[in-house]
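Chemist: Pasting in a structure now, in structure tokens, and then I'll have a few things to ask.
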Amino acid sequence: MTGHLLVTGFGRFPGMPVNPSAILARRLAAHPRLRRLAVSPHALILPTAYAAIATHLEPALAAGPCAILMIGVAARARRVRVESRAVNRASRLFPDASGRVSARLCLEPMGPAARTSPVAAFVLRRLRERGVAAIASRNAGRYLCNATYFRALHAGCPVVFLHVPPQRRDRSADRLVDALADVALALVGRARVASALP
């Protein structure tokens, strides 16, 4: 099977000078278990700006990943949130890291009201089996997490978005990275099965 595993995180934004999603994305892409994949993991750290959808995410999607694992930080979260959907809406109340707000309330004028992830429930079970305190969520927000997820869900491959609490460099963070590696392997496995179907 051609393609690669795309792992995304975000750069800094107001109130979050060091974004743990970027650290997790890089650590996950370098995880020893993923090195044994027949497809290469690739970490993409997205600037926390709406312009990054066109300048960074679109080219990454055009490269044809076989599966996408997206990570964002939720500053007030205490558990990992597995996002099951993204909505075709953006808030104009909160500027991005460049100081700009979304140009419009509707992310894609001709797009659906929402897009859902068929693998979200599977990922939630997998994380819980690995001992991660994960919960289901249907609200990816109205910021860059939602906007990038909405676009990625149109890619035609397994995609899931995880909101993580602010992380410390300790054993709990190591356990989370190991669990995410297991999820990534499972997503690639599902993509392989789907590509083999007639």
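As numbered in this note's numbering, residues 436 to 633 make up the sequence shown, in order.
Even for Gly, the Cβ is constructed at its ideal location relative to N, Cα and C.
#1: Determine, using beta carbons only, whether S552 and V508 come nearer to each other than 9 Å.
#2: Classify N574 as buried or exposed, calling it buried when 16 or more other Cβ atoms lie within 10 Å of its own Cβ.
#3: Just how far apart, CA to CA, sit R468 and A512?
#4: Could you tell me the boundaries of the beta strand (DSSP E) in which L481 lies?
#5: Going by C-alpha to C-alpha distance, which of Y578, A532, T443 sits closest to R397?
#6: Grab me the residues of H626's own chain with a C-beta within less than 8 Å of its C-beta, minus the 5 sequence neighbours each way, in chain order.
#7: Considering Cα atoms alone, identify which of I506, A590, L540, T583 is closest to V612.
#8: So what does DSSP say about E518, is it helix, strand or coil?
Modeler: Reading it off the structure:
#1: Along the sequence shown, read from residue 1 onward, the residue named residue 552 stands at position 117. Along the sequence shown, read from residue 1 onward, the residue named residue 508 stands at position 73. Contact: no.
#2: In the sequence shown, residue 574 corresponds to position 139, counting from 1. So N574 ends up on the exposed side.
#3: As a first step, residue 468 is located in the sequence shown; it is residue number 33 there, counting from the start. As a first step, residue 512 is located in the sequence shown; it is residue number 77 there, counting from the start. The straight-line gap from Cα to Cα measures roughly 28 Å.
#4: Looking up residue 481 in the sequence shown gives position 46. L481 -> beta strand (DSSP E) spans 476-481.
#5: In this structure the chain extends from 436 to 633, so residue 397 is not present and cannot be described.
#6: Along the sequence shown, read from residue 1 onward, the residue named residue 626 stands at position 191. In the sequence as presented, His is not what sits at residue 626; that position holds Ala. Result list for A626: M436, G438, C501, A502, C592, P593, in chain order.
#7: For the purposes of this step, residue 612 is taken as the residue at position 177 of the sequence shown. If we check each option's Cα against that of V612, I506 comes out closest.
#8: What you label residue 518 is simply residue 83 of the sequence shown in a count that begins at 1. E518 falls in the strand class under three-state DSSP.
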